[in-house]
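Sequences listed follow chains X and U, in order. Note that our numbering has the first sequence beginning at 1, numbered continuously upward. Note that our numbering has the second sequence beginning at 228, numbered continuously upward. Note that beta-carbon positions come from the ideal geometry of N, C-alpha and C, so glycine has one too. To keep things clear, I will list the structure first and then write my remarks on it.
2 protein chains.
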Amino acid sequence: MRIGVLGTGMVGQALSEKLSQSGHEVVIGTRDVDAALSRTDPPRPGLVSFAEWHGANPGIAVGTFAQAAAHGEILFNATAGNASIDALNAAGPDNLADKILIDVANPLDFSAGFPPTLTVANTDSLAEQLQRAFPQAKVVKTLNTINASVMVDPGAVNGGEHHVFVSGDDAGAKAEVTKHLRDWFGWRHVIDLGDITTARGTEMYLALWIRLLGPVGTSTFNVHIVR
Amino acid sequence: MRIGVLGTGMVGQALSEKLSQSGHEVVIGTRDVDAALSRTDPPRPGLVSFAEWHGANPGIAVGTFAQAAAHGEILFNATAGNASIDALNAAGPDNLADKILIDVANPLDFSAGFPPTLTVANTDSLAEQLQRAFPQAKVVKTLNTINASVMVDPGAVNGGEHHVFVSGDDAGAKAEVTKHLRDWFGWRHVIDLGDITTARGTEMYLALWIRLLGPVGTSTFNVHIVR
C-alpha cells in the first residue's frame with residue numbers, strides 16, 4: 001500500500017520503518033527535506049540523527065509534507081501536536097481529501113517544562129481540531145496512548161495483552177484502521193470509543209501516562225483493561 | 228479506627244459500609260442530616276434511597292459534615308467534586324487539621340449532559356484546590372479511577388491484578404494510605420505518582436474512563452499497567 005507518514009520524529013520513524021519492512025511504499029514527510037536530511041546531531045542522547053536514520057532506511061523516501069500526503073492512499077499524522085494544523089495545511093487539503101488520516105499525535109505543550117500540559121483538552125481535542133480543519137479527511141485517532149516502540153510492536157508488552165483505542169466519525173474508516181492495526185502491527189485488542197470527540201479521552205489520558213513514566217520505570221508499557 | 232466519610236452518595240455509602248463491616252467506627256457526613264434521612268426515593272433506578280441504605284446499615288452513624296470530620300482520625304472526601312470545597316468548609320478547617328484527607332472525588336461537570344467535562348483540568352486539579360484551601364490537611368488523592376464497588380473490592384476485578392494510584396505532598400500520609408488500601412480493601416498494586424499535582428493525571432484519566440463505560444459494557448473494570 002502507498003502510505004504517507006507526516007512527521008520525522010521518533011514516532012514517524014518507527015511507523016515508517018515498520019510499514020516499509022512489511023513491504024509498503026512509504027514516503028515520510030517533513031517541512032523542509034534538505035533541513036531534515038542535514039540534521040546530523042541526534043535529537044537526544046541515545047537516539048540517532050534523522051540523516052543517520054535515513055541512511056539505515058534507504059527504502060523509505062523522504063519528501064515534503066505535500067509529497068508524502070499526495071503519495072499516500074492512507075496517511076499518518078505523526079507531527080508534534082502543536083504543529084499538526086500547520087503541517088496538514090502544508091500537506092494540502094486536496095491531498096487529504098477522502099483519505100483516512102490516522103492521527104497519532106498528542107497536543108503536548110512542553111513550554112513550561114516537564115510534565116507538559118495539553119494545548120487543548122476537556123471541551124475539545126486535537127483530533128477534533130484536525131477533523132474540523134480538514135473535513136474532507138477521515139480522521140481516526142489511535143495509537144496516541146503508547147510510545148513509538150509499542151505502537152508498532154504491541155507483542156513486546158505483556159504478550160500483546162493490552163488495549164489501544166480508536167475514535168472517529170467514519171465507521172468504515174475506523175473498521176479499516178482497526179484491521180490495519182492488527183495486520184500491520186499485531187494489535188489484538190482495539191476498543192472503538194465512538195466518534196471523534198472521544199479522542200478527548202485518550203488525549204487527556206496522556207496526563208496520566210506521562211506521570212507513570214517515572215514510577216513504572218520505562219515508557220514501554222500500556223494499560224490492559226480488565227474486568 | 229474512627230473514620231469520617233464526607234458524602235452520602237454511592238461512593239460514600241460503599242466506603243462506609245466496607246469500613247464499618249471491618250470494625251471501624253464510621254460517621255458518614257452530609258450537609259443536612261434530616262434532609263438526607265428523609266430521602267426515600269432512590270437516586271436512580273436500581274439503587275436504594277439513603278433512608279433505606281441507612282436502615283440496612285444501622286451501625287453507621289449519620290452526622291453533619293462537621294460531626295463526621297470531628298469524629299474521624301482519618302477522613303474521606305466522597306462528595307461531588309463541584310461541591311467538595313463547600314463541604315469541607317462546612318466540615319470546618321479545624322476538624323481537618325493534621326488529618327489525612329483521602330480525596331476520592333472527581334471534578335465532573337454534568338451540566339451539559341453526558342459525557343461530563345471536568346470543572347478543573349490540565350493546569351490544576353481538584354486535589355490541588357483542596358490542598359490549597361485546607362493546607363492543614365494532608366490530602367492524598369486515590370481511588371478516583373474506579374467505581375465504588377471496585378474501590379472497596381478490587382479482588383472482584385481480574386483477581387485483583389490491576390492498579391490504583393496515590394498522589395500527595397506528604398510521603399508519610401501516602402505510605403499510610405497505601406497500607407490502608409491494602410488492609411482495608413485488598414489493593415495489592417498501588418502506584419505512587421508523586422506530589423499532589425500528579426492528581427491531574429488521574430482526574431484527567433476520567434475523560435477516558437467515562438468513555439470506556441459503553442464499549443466495556445460495565446463500570447466494574449480497571450486498568451492493569453503492563454510492561
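Interface residues of chain X facing residue 389(U) [CB-CB closer than 7 Å]: 226
Does residue 107(X) get closer than 8 Å to chain U when you measure Cβ to Cβ? no
I'd like to know whether the C-beta atoms of residue 228(U) and residue 274(U) end up nearer to each other than 8 Å. no
DSSP beta-bridge partners of residue 259(U): In the DSSP output, where bridge partners are listed per residue, residue 259(U) has none listed.
Contacts around residue 421(U), its chain only, beta-carbon distance under 8 Å, and the 5 residues preceding and following it disregarded: 394
Establish whether the CB of residue 440(U) and some CB of chain X are separated by less than 8 Å. no
CB of residue 212(X) within 8 Å of CB of residue 423(U), strictly: no
Alpha carbon to alpha carbon, how far is residue 108(X) from residue 50(X)? Give it in angstroms, no decimals. 22 Å
Length of the line joining the Cα atoms of residue 58(X) and residue 357(U): 55 Å
Please confirm whether residue 271(U) and residue 349(U) have their CB atoms less than 8 Å apart. no
CB-CB length for residue 144(X) against residue 202(X), believed under 8 Å: 6 Å
Taking all protein chains shown into account, do 16 or more other C-beta atoms lie within 10 angstroms of the C-beta of residue 114(X), making it buried, or fewer, making it exposed? exposed
Thinking C-alpha only, which one of 223(X), 164(X), 198(X) and 191(X) is nearest residue 444(U)? 191(X)
Is residue 187(X) near the ligand FAD, going by C-beta to nearest heavy atom under 7 Å? Questions concerning the ligand FAD fall outside what the structure shown contains, since it holds no ligand whatsoever.
Could you spell out where the alpha helix (DSSP H) holding residue 91(X) opens and where it closes? 84-91
Contained beta strand (DSSP E) runs [length at least 3] in the segment 229-302 of chain U, N- to C-terminal order: 229-233, 252-257 and 288-291
Rounded to whole angstroms, what's the CA-CA distance from residue 399(U) to residue 240(U)? Just pull it up for me. 27 Å
Going straight from the alpha carbon of residue 242(U) to that of residue 375(U), what length do you get? 8 Å
Taking three-plus beta-carbon pairs below 8 Å as touching, is the segment 313-322 of chain U in contact with the segment 78-98 of chain X? no
Since residue 413(U) is in the alpha helix (DSSP H), which residue starts that stretch and which ends it? Note, residue 413(U): premise wrong, no alpha helix (DSSP H); not H, not E.
Given that a residue counts as buried once 16 or more other Cβ atoms are within 10 Å of its Cβ, and exposed if not, what is residue 214(X)? exposed
Could you pull out every unbroken alpha helix (DSSP H) segment of at least 4 residues lying fully inside the segment 349-411 of chain U, listed in chain order? 353-360, 375-379 and 398-407
With DSSP run on the structure shown, which of helix, strand or coil describes residue 347(U)? coil
Can you pull the DSSP bridge partners for residue 210(U)? It is not possible to answer for residue 210(U), since the shown part of chain U is limited to 228 through 454.
Measure the alpha-carbon distance for residue 347(U) versus residue 431(U) and round it to whole angstroms. 9 Å
In terms of residues, what are the limits of the beta strand (DSSP E) holding residue 452(U)? 449-453
Which chain X residues are close to residue 419(U), counting only those with a beta carbon under 9 Å from its beta carbon? 215
How would you label residue 110(X), buried or exposed, when you count the other beta carbons within 10 angstroms and need 16 or more for buried? exposed
Chain X contact residues for residue 348(U), given Cβ-Cβ distances below 9 Å: 118, 121, 122, 204 and 207
Candidates 261(U), 407(U) and 381(U): which alpha carbon is nearest residue 301(U)'s? 407(U)
Could one say the Cβ of residue 427(U) lies closer than 8 Å to chain X's Cβ atoms, at least one of them? yes
Note down, in chain order, every chain X residue with its Cβ under 8 Å from the Cβ of residue 379(U). In chain order: nothing, as chain X lies at least about 17 Å away.
Can the beta-carbon of residue 289(U) be found closer than 8 Å to that of residue 264(U)? yes
Closest to residue 163(X) by C-alpha separation, out of 169(X), 175(X) and 142(X), would be which residue? 142(X)
Backbone CA spacing between residue 206(X) and residue 156(X) [nearest angstrom]: 21 Å
What did DSSP end up calling residue 214(X) once you bin it into helix, strand or coil? helix
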